[in-house]
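For the record, the sequence lines run as chains X and W.
Just so we're aligned: 59 in full-length UniProt numbering is position 59 of the first sequence, and the numbers increase by one with no gaps anywhere.
Just so we're aligned: 243 in full-length UniProt numbering is position 243 of the second sequence, and the numbers increase by one with no gaps anywhere.
There are 2 protein chains.
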Amino acid sequence: METLNVALDERSYPIHIGSGLLSRPELLLPHIKQKKVVVVSNETVAPLYLERLCATLASGGIEVLPVILPDGEKFKTWETLNLIFDGLLAERCERSTILIALGGGVIGDMGGFAAACYQRGMPFIQVPTTLLSQVDSSVGGKTAINHPMGKNMIGAFYQPKLVLADILTLDTLPDRELKAGLAEVIKYGLIRDPEFFDWLEVNLDKLLARDQSALVYAVQRSCANKAEVVAADERESGERALLNLGHTFGHAIETGMGYGEWLHGEAVAAGTLIAAELSCALGWIEAPTVARIERIFVRAGLPVISPALGVDRYLELMSHDKKVQDGKLRLVLLQGIGKAVVSDAASKEQIAAAVEIRCTAAGRN
Amino acid sequence: METLNVALDERSYPIHIGSGLLSRPELLLPHIKQKKVVVVSNETVAPLYLERLCATLASGGIEVLPVILPDGEKFKTWETLNLIFDGLLAERCERSTILIALGGGVIGDMGGFAAACYQRGMPFIQVPTTLLSQVDSSVGGKTAINHPMGKNMIGAFYQPKLVLADILTLDTLPDRELKAGLAEVIKYGLIRDPEFFDWLEVNLDKLLARDQSALVYAVQRSCANKAEVVAADERESGERALLNLGHTFGHAIETGMGYGEWLHGEAVAAGTLIAAELSCALGWIEAPTVARIERIFVRAGLPVISPALGVDRYLELMSHDKKVQDGKLRLVLLQGIGKAVVSDAASKEQIAAAVEIRCTAAGRN
Ligand SMILES: NC(=O)c1ccc[n+]([C@@H]2O[C@H](COP(=O)([O-])OP(=O)(O)OC[C@H]3O[C@@H](n4cnc5c(N)ncnc54)[C@H](O)[C@@H]3O)[C@@H](O)[C@H]2O)c1
Ligand SMILES: NC(=O)c1ccc[n+]([C@@H]2O[C@H](COP(=O)([O-])OP(=O)(O)OC[C@H]3O[C@@H](n4cnc5c(N)ncnc54)[C@H](O)[C@@H]3O)[C@@H](O)[C@H]2O)c1
Ligand SMILES: [Zn+2]
Ligand SMILES: [Zn+2]
């Protein structure tokens, strides 16, 4: 097992990463003083892992009140969030009751936001069960729900007390989801960890084959990168924005296609290629570097061509992005593999051209 | 004009209190760097004060996007909150856009909660226009909406950048609302400021007659008390709980009667008498002290007899209260005028008996 620490003063918390952690009471019990906890999960994950979690908690005399939500990004809404509040209130949960989010990023984001709001804040624990949630969404305290007019528009910065990433749960993850998670893993290499990018080029096939020790390493190294960034900039006033490489374009794809059509990681992969293309147009990276980036995403089975929504639609969707400041689009761009920067250097025309190139199947392949 | 500071490190902010502050651009403009702000108000307050606020902002070249909500506690819901999000998104507001809440506690609580959640947090300014919101809800960063199963159950701790309490706005406040606000003013005397309680006994009639300088003094002294408590305990882990004198009972009354039937301050007044009665039953204060407390509330035109919902219903409603810990009811009780404590010393039977006494018109009068 690997343990990292997210250093945020009195809000610091540990991340445990390893195989079979769900069955280890000594990791969970020290964080739970109450006799009952609420576990928020969904209809897919609960049948797979809820019993295991309940058994581990039961060994410490802790009772579980499950709140099982429908599965899917399209349920990441106020209505579903309200099901959690209904459950918490029906069971008369106190503000000191602990909420455990057991599932992927959708459950983590909603469970976390519910915890942030319930009685103005109850403690919560993340038990991420997708690769994406283990390497990204469970760490850093961003929580949110979607609004019809934009993804993750309503939310809170709210840190968990503990993150428990059990790599064994990835065994049941659909291939497509595993690959989507790899997009965020590759992202860490691209934005700030060139050695990790090299390691990924060598070990990608092991990850795709779900080699446990390769996965533990990739998750741990990803989390270490994220934890460092978050510790330096919890509320995304500076460096944290780099984590959004590919995301401004990716969000436009997700929204433009309708929530749930493209997986988040898939949209991020395609979006990262637009960012790379744009960086190339600005003369910051060379064409072979764009090709190298494209290659690793292709090997990971991820899309590198964006959907043809039309350039105007992209620009419109992006104008809703949180990264807009005084009407100017601030984008995360690359100055090399392992070196991302936030910049408003790209003109509207340059952005439009890069989108255009990456929407045609020709691309650079 | 009086200026107080709420000392919360990097989240510190000033409270300005005085007559006619809405017309003074030099108080608002230094806090607003953007060219447009969103003003959240309601159908009652907007016709009275929105134009004045707009003119002041216009003098600094700032455009106002108004979001006008229906008026009333019963609209303090997710649906109404969503109208704010719709407005913010329709106008493509950025996370750096400033939201100004212009109105009473309902608008302040909803505007603040919307600001806390929109893109995980946008800056906001409180312009409270009721006595209650000037002395209480606008200071301290508690924001919330109601849930059908409990008041203020969904919310956030989120501090404003500035509070502007224009005493002149109280001129148009209905009498009943002014009196309700006095309940919270009296509360500060009761929980921690015996001198202020004495001052209130002397000056109550001036306040009821809306003497501006008496009102400025009462608001400023109330805010000073609240700011001290909040600075010492932002998230209500200790002393801040004392501000809830009368509130556990009061919330039960508000919920039991249906949101909006009893005003918050009215419920707090009646609830404070239950707390006083219980303190007396525990032998902590004498019967004449209860009578003295009852007298000032009666003079202020506030209810001192609670509605006859039935003791069981009170206990049930209170079991939902945030002040429950491990199933035990922690109540704010009095050890004298100016000395409140949080205690779980009262048994269920003692609580029931105090409720019973204060529900009969006989009371102690
Ligand atoms: N908070 C953040 O910082 C952050 C960062 C990145 C992404 N996100 C959010 O995360 C969400 C995406 O997360 P995700 O990719 O985990 O999607 P997800 O939560 O929808 O999970 C993907 C699918 O896998 C299923 N699943 C989960 N664990 C499984 C398991 N162990 N075995 C089998 N099936 C399993 C889920 O039920 C779902 O059907 C998006 O809503 C995105 O906005 C948040
Ligand atoms: N956040 C906190 O710490 C805190 C503390 C106490 C109370 N509260 C909340 O505050 C709310 C009660 O606030 P309130 O008493 O201000 O009620 P309110 O906001 O409903 O205002 C009372 C009425 O007066 C009207 N009004 C407001 N200003 C006016 C003016 N200047 N002239 C004429 N009419 C005016 C309003 O439109 C409303 O009809 C409750 O929801 C309560 O939960 C919050
Ligand atoms: Zn992401
Ligand atoms: Zn109150």
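Beta carbons are placed, not taken as given, at the ideal position from N, Cα and C, and that holds for glycine.
Nearest to residue 37 of chain X by C-alpha distance, out of X/83, X/102 and X/11, is X/102. Contact annotation: residue 94 of chain W and residue 135 of chain W have beta-carbon atoms that are not nearer than 8 Å.
Following the DSSP letters along the chain, one finds residue 257 of chain X inside the alpha helix (DSSP H) bounded by residues 247-257. DSSP, reduced to helix, strand and coil, places residue 122 of chain W outside both helices and strands of the structure shown, so it counts as coil. For residue 83 of chain W, none of the residues of chain X pass the 9 Å Cβ criterion, the least Cβ distance being about 12 Å. Listed along chain W is no residue with a C-beta nearer than 7 Å to that of residue 122 of chain X; the closest approach is about 10 Å. Relative to the Cα of residue 84 of chain W, the nearest Cα in the group W/105, W/68 and W/73 belongs to W/68. Here the region 116-134 of chain X makes contact with the region 164-184 of chain X; the two share three or more CB pairs at distances below 8 Å. Within 7 Å of the CB of residue 92 of chain X, the CB atoms of chain W belong to 319 and 320, in sequence order along the chain. Bounds of any beta strand (DSSP E) do not take in residue 130 of chain X, whose DSSP letter is neither H nor E.
Going by DSSP, residue 188 of chain W is part of the alpha helix (DSSP H) stretching over 175-192. In terms of CA proximity to residue 174 of chain W, W/263 leads the group W/263, W/307, W/337 and W/287. Around ligand 3, the residues selected by a Cβ distance under 6 Å to any of its heavy atoms are X/136, X/184, X/247, X/264 and X/268, following chain order. Residue contact check for residue 111 of chain X against chain W: no CB pair falls below 8 Å. For the pair of segments examined, the region 237-256 of chain X was found to touch the region 333-344 of chain X: the number of CB pairs separated by less than 8 Å reaches three.
Taking 8 Å as the CB threshold, residue 157 of chain X lines the interface with chain W. Take the alpha-carbon of residue 281 of chain W and the one of residue 350 of chain W: they are about 7 Å apart. Contact between residue 311 of chain X and residue 252 of chain X fails: their C-beta atoms lie close to 11 Å from each other, not under 8 Å. For residue 97 of chain X, the three-state secondary structure derived from DSSP is coil. For residue 232 of chain X, the nearest beta carbon of chain W is not closer than 8 Å to its own beta carbon.
The beta carbons of residue 359 of chain X and residue 308 of chain X sit closer together than 8 Å. Residue range 36-42 is occupied by the beta strand (DSSP E) that includes residue 41 of chain W.
Where residue 264 of chain X is concerned, the enclosing alpha helix (DSSP H) starts and stops at 264-281.
If you ignore the 5 residues before and after residue 203 of chain X, its C-beta comes within less than 6 Å of the C-beta of 214, all in its own chain and listed in chain order.
In the three-state reduction of the DSSP assignment, residue 312 of chain W falls in the helix class. At least one beta carbon of chain X lies nearer than 8 Å to the beta carbon of residue 144 of chain W. Residues of the same chain with a CB within less than 7 Å of the CB of residue 328 of chain X, apart from the 5 flanking positions on each side, are 344 in chain order. Taken through DSSP and simplified to helix, strand or coil, residue 334 of chain W comes out as strand.
Rounded to the nearest angstrom, the Cβ distance from residue 25 of chain W to residue 72 of chain W is 31 Å, too far for a contact under 8 Å.
Put simply, the CB of residue 7 of chain X is far from chain W, with every gap to its CB atoms at 8 Å or more. Listed as beta-bridge partners of residue 145 of chain X by DSSP are X/154.
The three-state secondary structure of residue 286 of chain X, taken from DSSP, is coil. Neighbourhood of residue 147 of chain X in chain W, by CB distance below 9 Å: 82, 85, 86 and 89, in chain order. If you ignore the 5 residues before and after residue 22 of chain X, its C-beta comes within less than 8 Å of the C-beta of 49, 52, 53, 56, 127, 164, 166, 168 and 169, all in its own chain and listed in chain order. Sequence-distant partners of residue 147 of chain W (beyond 5 residues in either direction) whose C-beta falls short of 7 Å from its own C-beta, in its chain, are 153 and 154.
What residue 246 of chain W touches in chain X, judged by beta-carbon distance under 9 Å, is nothing: the nearest beta carbon there is about 19 Å away.
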